[in-house]
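What follows is a set of notes on a single structure, which appears directly below.
Protein chains: 4
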Amino acid sequence: MIRFKTTIKVRYYECDPMGVVHHSNYIRYFECARNEMMDAWGYTVEQCQADGITFPMASAELRFHRPALAGDFLTVTAEMEKLPLAKLVVKQQVFNQKGELCCDGVVTLGFLSAETGRPTRCPERLLAIMQAAQEE
Amino acid sequence: MIRFKTTIKVRYYECDPMGVVHHSNYIRYFECARNEMMDAWGYTVEQCQADGITFPMASAELRFHRPALAGDFLTVTAEMEKLPLAKLVVKQQVFNQKGELCCDGVVTLGFLSAETGRPTRCPERLLAIMQAAQEE
Amino acid sequence: MIRFKTTIKVRYYECDPMGVVHHSNYIRYFECARNEMMDAWGYTVEQCQADGITFPMASAELRFHRPALAGDFLTVTAEMEKLPLAKLVVKQQVFNQKGELCCDGVVTLGFLSAETGRPTRCPERLLAIMQAAQEE
Amino acid sequence: MIRFKTTIKVRYYECDPMGVVHHSNYIRYFECARNEMMDAWGYTVEQCQADGITFPMASAELRFHRPALAGDFLTVTAEMEKLPLAKLVVKQQVFNQKGELCCDGVVTLGFLSAETGRPTRCPERLLAIMQAAQEE
Chain A
1 MIRFKTTIKV
11 RYYECDPMGV
21 VHHSNYIRYF
31 ECARNEMMDA
41 WGYTVEQCQA
51 DGITFPMASA
61 ELRFHRPALA
71 GDFLTVTAEM
81 EKLPLAKLVV
91 KQQVFNQKGE
101 LCCDGVVTLG
111 FLSAETGRPT
121 RCPERLLAIM
131 QAAQEE
Chain B
1 MIRFKTTIKV
11 RYYECDPMGV
21 VHHSNYIRYF
31 ECARNEMMDA
41 WGYTVEQCQA
51 DGITFPMASA
61 ELRFHRPALA
71 GDFLTVTAEM
81 EKLPLAKLVV
91 KQQVFNQKGE
101 LCCDGVVTLG
111 FLSAETGRPT
121 RCPERLLAIM
131 QAAQEE
Chain C
1 MIRFKTTIKV
11 RYYECDPMGV
21 VHHSNYIRYF
31 ECARNEMMDA
41 WGYTVEQCQA
51 DGITFPMASA
61 ELRFHRPALA
71 GDFLTVTAEM
81 EKLPLAKLVV
91 KQQVFNQKGE
101 LCCDGVVTLG
111 FLSAETGRPT
121 RCPERLLAIM
131 QAAQEE
Chain D
1 MIRFKTTIKV
11 RYYECDPMGV
21 VHHSNYIRYF
31 ECARNEMMDA
41 WGYTVEQCQA
51 DGITFPMASA
61 ELRFHRPALA
71 GDFLTVTAEM
81 EKLPLAKLVV
91 KQQVFNQKGE
101 LCCDGVVTLG
111 FLSAETGRPT
121 RCPERLLAIM
131 QAAQEE
């Protein structure tokens with residue numbers, strides 16, 4: 001099990017006429033948490049891309065529980081139950097500062113070789129990093 | 001069965017460093033199609049809100065099949081198999097100009113009373129409009 | 001003088017808790033109009049990039065006159081008084097469906113060579129297209 | 001003179017096919033810094049709105065000096081030379097982690113009474129807070 005969490009402050013322009021975070025922003029918060037996780041591992045998305053690997057999203061499921069509001073400080077989590085082979089499955093949650101669940105979901109990412117443009121397996125370097133993160 | 005489709009041109013700023021539409025935009029395209037559908041029915045989201053009804057999203061599932069590109073003309077569909085009671089379930093698809101499926105998904109919307117802040121049934125006016133749309 | 005105009009429907013997620021289009025979207029509408037203009041010329045931004053030319057924005061000035069609202073149909077204009085040498089200066093306006101001015105501004109774009117990464121002159125092909133557009 | 005600065009990490013979806021932050025995001029970064037400043041003052045934008053005062057943007061000028069990149073840590077500043085009467089004039093700058101200036105500009109905000117919908121003077125509470133911030 002690998003778990004990561006980060007904090008995101010809701011930005012005013014992310015809120016809609018109902019005064020709440022527009023639903024489309026949660027999938028962006030999810031990505032922010034995953035990318036912060038990779039930063040924390042010392043292997044950024046940009047380095048992966050430079051190494052010829054990208055992670056296009058294959059699917060996403062989101063459930064919206066309660067709206068986040070302008071000015072809220074959100075905790076966004078990313079959690080992986082097992083190491084990826086061809087697919088990376090990440091459970092994600094967004095909590096407000098009261099600890100209330102605003103949104104949760106699961107995203108599945110593939111690995112794509114920039115060279116061939118075709119699906120590939122999780123690169124060894126990333127796998128080793130995840131293995132280490134898992135054992136911590 | 002109710003079906004609606006609209007056309008959306010991909011905007012440059014919606015594309016990411018991979019040169020493709022960032023995944024977070026498809027859920028926005030979905031909303032555009034649903035809102036255009038309501039415009040076509042002559043009962044806009046803004047009028048619904050003025051009538052005290054909002055439609056917060058309860059859940060969304062998205063599958064990403066192939067990337068849409070900057071400059072693509074997309075066809076975005078919304079399809080309802082049955083009339084809503086407490087929930088509105090909408091199947092949505094995004095095709096590029098070659099007719100290739102880029103993304104599809106299902107979104108579920110609730111009905112919320114602005115007065116009470118609580119879930120409510122689909123308003124009669126909207127139900128009547130959908131009934132008529134269904135019979136066309 | 002070259003003039004172009006296009007129509008953009010305000011999207012719900014572009015509106016903020018005040019119920020109006022968030023100010024940051026007008027610079028996006030401006031870009032949409034410029035890109036539609038290039039589409040109309042038959043020389044898209046994507047083709048320019050394929051030809052090794054990009055147009056980074058050098059500066060922008062915007063004045064906000066009255067808010068556009070969710071559901072508004074906007075007319076967005078792009079106007080060039082003279083053909084560009086090293087810089088492309090475009091006057092832009094956004095009107096609502098009542099013909100009221102919501103926002104106007106001026107953006108200045110440079111031409112950048114993808115090969116050298118350095119400023120360059122307006123490419124001949126684009127200049128010829130603009131010349132023709134000017135004479136219409 | 002009042003000065004404030006905050007840090008913003010560039011988000012992947014804010015970057016465009018050129019691999020750089022799309023120009024439209026800088027005006028959003030500007031707003032983030034202004035809102036963080038108000039948070040630091042203990043008088044949030046949301047509280048202002050609850051007190052019946054909003055700050056619509058009247059105008060903005062932006063100059064783009066060098067592109068910010070995916071993963072960059074930006075320092076965003078807000079600076080006011082004098083206390084506002086009817087207008088709040090804020091100078092803003094965006095630097096990357098090397099201290100290089102990416103974008104700077106000036107935004108002018110008005111004060112609007114929610115009750116009358118008309119321009120109003122800077123509210124006393126906000127003026128007192130700014131006075132204190134200025135003297136620090």
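Heads up: the sequence lines are chains A, B, C and D, in that order. Taking this note's numbering, the leading residue of the first sequence gets 1, the next gets one more, and so forth. Taking this note's numbering, the leading residue of the second sequence gets 1, the next gets one more, and so forth. Taking this note's numbering, the leading residue of the third sequence gets 1, the next gets one more, and so forth. Taking this note's numbering, the leading residue of the fourth sequence gets 1, the next gets one more, and so forth. Every residue, glycine too, gets a C-beta built ideally from N, C-alpha and C.
Report the rounded CA-to-CA distance for E61 of chain B versus M18 of chain C, giving the unit in angstroms. Here residue 61 of chain B refers to the residue found at position 61 when the second sequence is read from its first residue. Here residue 18 of chain C refers to the residue found at position 18 when the third sequence is read from its first residue. In a straight line, the C-alpha of E61 of chain B is about 30 Å away from that of M18 of chain C.
Report the neighbours of D16 of chain A on chain C: residues whose CB is nearer than 8 Å to its CB, in chain order. One-based indexing of the first sequence puts residue 16 of chain A at position 16. Those are Y12, Y13, C15, D16, P17, listed as they occur along chain C.
Using only alpha-carbon positions, find the residue among D:S59, D:A70, D:H23 that is nearest to H140 of chain C. This structure gives no information on residue 140 of chain C, because the portion of chain C shown stretches from 1 to 136.
At which residues does the beta strand (DSSP E) containing F4 of chain A begin and terminate? Translated into positions along the first sequence, residue 4 of chain A becomes position 4. 2 to 9 is the extent of the beta strand (DSSP E) around F4 of chain A.
Determine, using beta carbons only, whether V76 of chain D and T6 of chain D come nearer to each other than 8 Å. If you number the fourth sequence from 1, residue 76 of chain D lands on position 76. If you number the fourth sequence from 1, residue 6 of chain D lands on position 6. Less than 8 Å divides the Cβ of V76 of chain D from the Cβ of T6 of chain D.
Spatial distance of G117 of chain B from F111 of chain B (CA atoms): Position 117 of the second sequence, counted from the first residue, corresponds to residue 117 of chain B. Position 111 of the second sequence, counted from the first residue, corresponds to residue 111 of chain B. G117 of chain B and F111 of chain B have their C-alpha atoms some 10 Å from each other.
Could you pull out every residue in the same chain whose Cβ sits closer than 6 Å to the Cβ of Q93 of chain D, ignoring the five residues on either side in sequence? For this step, residue 93 of chain D is matched to residue 93 along the fourth sequence. Cβ neighbours of Q93 of chain D beyond the five flanking positions: T77, D104.
Can you check whether the CB of V10 of chain B is closer than 8 Å to the CB of A68 of chain B? Stepping through the second sequence from its first residue, residue 68 of chain B is reached at position 68. Stepping through the second sequence from its first residue, residue 10 of chain B is reached at position 10. Yes, they are a contact pair.
By the criterion of Cβ-Cβ separation under 7 Å, what are the contact partners of A60 of chain C in chain D? Taking the third sequence and counting its residues from 1, one reaches residue 60 of chain C at position 60. By Cβ distance, chain D contributes L62.
Could you give the residue range of the beta strand (DSSP E) that holds F30 of chain D? Here the question's residue 30 of chain D lines up with position 30 in the fourth sequence. For F30 of chain D, no beta strand (DSSP E) segment is defined; the enclosing uninterrupted segment is the alpha helix (DSSP H) at 26 to 41.
Is it buried or exposed, L101 of chain A, if we count other Cβ atoms within 10 angstroms and call 16 or more buried? Taking the first sequence and counting its residues from 1, one reaches residue 101 of chain A at position 101. Within 10 angstroms of the beta-carbon of L101 of chain A lie fewer than 16 other beta-carbons, which makes it exposed.
The alpha helix (DSSP H) spanning R125 of chain B covers which residue range? As a working note, residue 125 of chain B is residue 125 in the second sequence. Note, R125 of chain B: alpha helix (DSSP H), 124 to 135.
With 9 Å as the C-beta to C-beta threshold (strictly closer), list the residues of the stretch 68 to 99 of chain B near chain C in chain order. Correct list: L69, A70, G71.
What are the residues that DSSP puts in a beta bridge with K91 of chain D? Taking the first residue of the fourth sequence as 1, we reach residue 91 of chain D at position 91. Per DSSP, D:E79, D:V106.
What does I8 of chain A touch in chain B if you count any residue whose Cβ is under 7 Å from its own? Here the question's residue 8 of chain A lines up with position 8 in the first sequence. Per Cβ cutoff of 7 Å: no residues; I8 of chain A is ~14 Å from chain B at best.
Span of the beta strand (DSSP E), counted from its first residue to its last, around A60 of chain D: Within the fourth sequence, numbered from 1, the residue matching residue 60 of chain D stands at position 60. Counting along the chain, the beta strand (DSSP E) containing A60 of chain D begins and ends at 57 to 64.
For the candidate residues C:V21, C:G99, C:T44, C:M130, whose alpha-carbon lies nearest to that of V90 of chain C? The residue given as residue 90 of chain C occupies position 90 in the third sequence. Cα-wise, what sits closest to V90 of chain C is C:M130.
Are the Cβ atoms of I27 of chain D and I2 of chain C separated by less than 8 Å? In the fourth sequence, the residue the question calls residue 27 of chain D occupies position 27. In the third sequence, the residue the question calls residue 2 of chain C occupies position 2. No, these two residues do not count as a Cβ contact at 8 Å.
Just to check my reading of the structure: Q47 of chain A and L83 of chain A have Cβ atoms closer than 8 Å, yes? What is that Cβ distance to the nearest angstrom? Here residue 47 of chain A refers to the residue found at position 47 when the first sequence is read from its first residue. Here residue 83 of chain A refers to the residue found at position 83 when the first sequence is read from its first residue. Contact flag wrong, Cβ pair sits at about 19 Å.
Going along the chain, which residues of the stretch 25 to 38 of chain D sit with their C-beta nearer than 9 Å to a C-beta in chain A? When CB distances to chain A are screened at a threshold of 9 Å, the residues of the stretch 25 to 38 of chain D falling below it are R28, E31, C32, N35, E36, in chain order.
Could you tell me which chain C residues have their CB closer than 8 Å to the CB of T54 of chain D, listed as they occur along the chain? Position 54 of the fourth sequence holds residue 54 of chain D. Neighbours of T54 of chain D across chain C, judged by C-beta separation under 8 Å: M18.
Cutoff 8 Å; reference P123 of chain B; Cβ partners in own chain excluding five residues on either side: The residue labelled residue 123 of chain B in the question sits at position 123 within the second sequence. Excluding sequence neighbours, P123 of chain B sits near C48, D51, I53, F111.
Using 8 Å as the limit for Cβ to Cβ distance, is V107 of chain C near chain B? One-based indexing of the third sequence puts residue 107 of chain C at position 107. The beta carbon of V107 of chain C sits no closer than 8 Å to any beta carbon of chain B.
Neighbour flag for H22 of chain C against chain A, beta carbons, 8 Å: Stepping through the third sequence from its first residue, residue 22 of chain C is reached at position 22. By this cut-off, H22 of chain C is an interface position.
Beta carbon of L88 of chain B, beta carbon of Y29 of chain B: below 8 Å? Here residue 88 of chain B refers to the residue found at position 88 when the second sequence is read from its first residue. Here residue 29 of chain B refers to the residue found at position 29 when the second sequence is read from its first residue. Between L88 of chain B and Y29 of chain B, the gap from beta carbon to beta carbon reaches 8 Å or more.
Determine the extent of the alpha helix (DSSP H) in which V45 of chain B is found, giving its start and end residues. The count along the second sequence starts at 1 and reaches residue 45 of chain B at position 45. Going by DSSP, V45 of chain B is part of the alpha helix (DSSP H) stretching over 45 to 50.
Cross-chain neighbours of M57 of chain A in chain B, by beta carbon under 7 Å: Position 57 of the first sequence, counted from the start, is the residue given in the question as residue 57 of chain A. What M57 of chain A touches in chain B: H23, F64.
Looking at the C-beta of E46 of chain D, does it have a partner C-beta in chain A at a distance below 8 Å? Taking the first residue of the fourth sequence as position 1, residue 46 of chain D is located at position 46. With respect to chain A, the C-beta atom of E46 of chain D has a partner C-beta closer than 8 Å.
Length of the line joining the Cα atoms of F55 of chain C and M37 of chain D: For the purposes of this step, residue 55 of chain C is identified with residue 55 of the third sequence, where counting begins at 1. For the purposes of this step, residue 37 of chain D is identified with residue 37 of the fourth sequence, where counting begins at 1. Straight-line Cα distance between these residues: approximately 33 Å.
I'd like to confirm something about F95 of chain B: is its beta-carbon nearer than 7 Å to some heavy atom of the ligand NAP, or not? Among the ligands in the structure shown, none appear at all, so the ligand NAP cannot be discussed.
Of the residues B:L109, B:S113, B:M80, B:D72, the one placed nearest N96 of chain B, counting alpha carbons only: As a first step, residue 96 of chain B must be located in the second sequence, where it is residue number 96. Proximity to N96 of chain B across B:L109, B:S113, B:M80, B:D72 peaks at B:D72, based on C-alpha coordinates.
Distance, Cα to Cα, R125 of chain B vs F4 of chain B? Position 125 of the second sequence holds residue 125 of chain B. Position 4 of the second sequence holds residue 4 of chain B. Each residue's Cα considered, the two are about 19 Å apart.
For N35 of chain B, collect the residues of the same chain with a Cβ closer than 7 Å to its Cβ; drop the 5 residues on either side in sequence, then sort them by chain order. The residue given as residue 35 of chain B occupies position 35 in the second sequence. So the qualifying residues of the chain are V45.
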